[in-house]
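The sequence shown begins at 0 in numbering that gives the first Met the number 0 and counts up one residue at a time. Virtual Cβ for every residue (Gly too), placed ideally from N, Cα, C. Note that the structure is a prediction, hence the values are computed from the model and not measured.
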Amino acid sequence: MEFRHLGRSGLVVSEISYGNWITHGSQVEEEAAVACVRAALDEGITTFDTADVYAQGRAEEVLGRALRGERRDGLEIFSKVYWPVGPGRNDRGLSRKHIIRGVEESLRRLGTDYLDLYQAHRFDYATPLEETLRAFDDLVRQGKVLYVGVSEWRAEEIEQAVRIADELGLDRIVSSQPQYNMLWRVIEPEVVPASERAGIGQIVWSPIAQGLLTGKYLPGQAPPAGSRATDQSGRDTISRFLEDEETVRRVQDLRPLAKEAGLTMAQLAVAWVLQNENVSSAIIGASRPEQVRDNAKAAGVKLDADLLRRIDEVLGDSVRRDPALTASPARRP
Ligand SMILES: NC(=O)c1ccc[n+]([C@@H]2O[C@H](COP(=O)([O-])OP(=O)(O)OC[C@H]3O[C@@H](n4cnc5c(N)ncnc54)[C@H](OP(=O)(O)O)[C@@H]3O)[C@@H](O)[C@H]2O)c1
Numbered sequence: 000m001e002f003r004h005l006g007r008s009g010l011v012v013s014e015i016s017y018g019n020w021i022t023h024g025s026q027v028e029e030e031a032a033v034a035c036v037r038a039a040l041d042e043g044i045t046t047f048d049t050a051d052v053y054a055q056g057r058a059e060e061v062l063g064r065a066l067r068g069e070r071r072d073g074l075e076i077f078s079k080v081y082w083p084v085g086p087g088r089n090d091r092g093l094s095r096k097h098i099i100r101g102v103e104e105s106l107r108r109l110g111t112d113y114l115d116l117y118q119a120h121r122f123d124y125a126t127p128l129e130e131t132l133r134a135f136d137d138l139v140r141q142g143k144v145l146y147v148g149v150s151e152w153r154a155e156e157i158e159q160a161v162r163i164a165d166e167l168g169l170d171r172i173v174s175s176q177p178q179y180n181m182l183w184r185v186i187e188p189e190v191v192p193a194s195e196r197a198g199i200g201q202i203v204w205s206p207i208a209q210g211l212l213t214g215k216y217l218p219g220q221a222p223p224a225g226s227r228a229t230d231q232s233g234r235d236t237i238s239r240f241l242e243d244e245e246t247v248r249r250v251q252d253l254r255p256l257a258k259e260a261g262l263t264m265a266q267l268a269v270a271w272v273l274q275n276e277n278v279s280s281a282i283i284g285a286s287r288p289e290q291v292r293d294n295a296k297a298a299g300v301k302l303d304a305d306l307l308r309r310i311d312e313v314l315g316d317s318v319r320r321d322p323a324l325t326a327s328p329a330r331r332p
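Here it is, written out as structure tokens:
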């Protein structure tokens, strides 16, 4: 494994981190979840990403159990707050009330007394940013959270947060967690330059486009058995990519490029996001331990300029680049 700093912070994270959305507490049984976490640890992954909302809290519980017995200071555990976790009007969003309650619940489910990183899972237009940043700052001062970050915030929202934190002497955000992969590059025009200026690192999600970039989904054919596209909780989120047959077809044309580079398709996809120097870590998901072992080998891989150019030629206008696609719900869900 290779390691990078989380943005300009002093925290070091594994270049590849392991995330448990859709899988833990939902798609896969606990035994498979634990086996994936063990495989991640064996590959040298030290950074683990989850959220309060994944499988209604069960994902945090499963991850907590899977990591029990590990040396806590040798791990970086990340969680998030924003999406609804209960029926109440205050069981959601980025208000002081929900953040302060939310972290206690996440710590309890994970069985730990601090989070390395606590992330605002989206921007909350119904809460003054100052209130959110003060609540985060309080958690940092209490030692419950060591660093704070955001997810899917637009460039101007990130810039505003940094400005307010500096004016008020509050702890600054150090990270941004956007979707980023060969097909989804919407952070490149605005979020990445703004983050570079502010010393913020990207921890990117769905680096293999939820499995599509492994090439296992074939154009015009039913998805393979046991894949996310056949899972009740997963299929809605991957269908956006799979409905576009032209993109599914173009992904097949990446096969000779991966072969030439001596990489599996999944490794090529993970290595691709890591070529961006503003990326601190690529969060991989997995339903089986072999996938973790395959994808983790992308750490430290360098892709040359010619290969990157040929990937762009193959994918053509299947690549999404519009920065307006980074968005949070206009109203709290
Ligand atoms: N901040 C946010 O809003 C947000 C949103 C989404 C995700 N995330 C974070 O990012 C993490 C990763 O997201 P993701 O799970 O979509 O990432 P991903 O790595 O793009 O996709 C992972 C899925 O692809 C399939 N796969 C992985 N490796 C494979 C291989 N070598 N061969 C064949 N299939 C393979 C597996 O699904 P199957 O085996 O079931 O097909 C696996 O669960 C999440 O766990 C979460 O921590 C954050």
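| Query | Result |
| --- | --- |
| Who pairs with D48 in a beta bridge, going by DSSP? | G18, F77 |
| Compute the Euclidean distance between the alpha carbons of E156 and V149, then round it to the nearest angstrom. | 10 Å |
| Using 7 Å as the cut-off, classify the Cβ of W204 as near or not near the heavy atoms of ligand 1, replying yes or no. | yes |
| Which ranges does the alpha helix (DSSP H) cover as unbroken runs of at least 4 residues, wholly within the stretch 222-306, from first to last along the chain? | 234-241, 244-251, 254-260, 264-273, 288-295 |
| Report all residues from its chain with a CB closer than 7 Å to the CB of V27; omit the five preceding and five following residues, and keep chain order. | S286 |
| Terminal residues of the continuous beta strand (DSSP E) containing L145? | 144-149 |
| Should R227 go down as buried or exposed, given a rule of 16 or more other Cβ atoms within 10 Å for buried? | buried |
| First and last residue of the beta strand (DSSP E) that includes V318? | Looking at the DSSP string, V318 is not in any beta strand (DSSP E), and its letter there is neither H nor E. |
| Could you tell me which of Q118, A304, R330 sits nearest to G200, measuring between CA atoms? | Q118 |
| Could you check where the alpha helix (DSSP H) with Q159 kicks off and where it finishes? | 154-167 |
| From P322 to A268, what distance separates their C-alpha atoms? | 21 Å |
| Out of curiosity, what's the CA-to-CA distance linking V190 and R153? | 6 Å |
| Return the chain-ordered list of same chain residues with a C-beta closer than 6 Å to the C-beta of V300, the five sequence neighbours on each side being excluded. | A270 |
| By a C-beta neighbour count over all protein chains shown, 10 Å radius and 16 as the cutoff for buried, is L211 buried or exposed? | buried |
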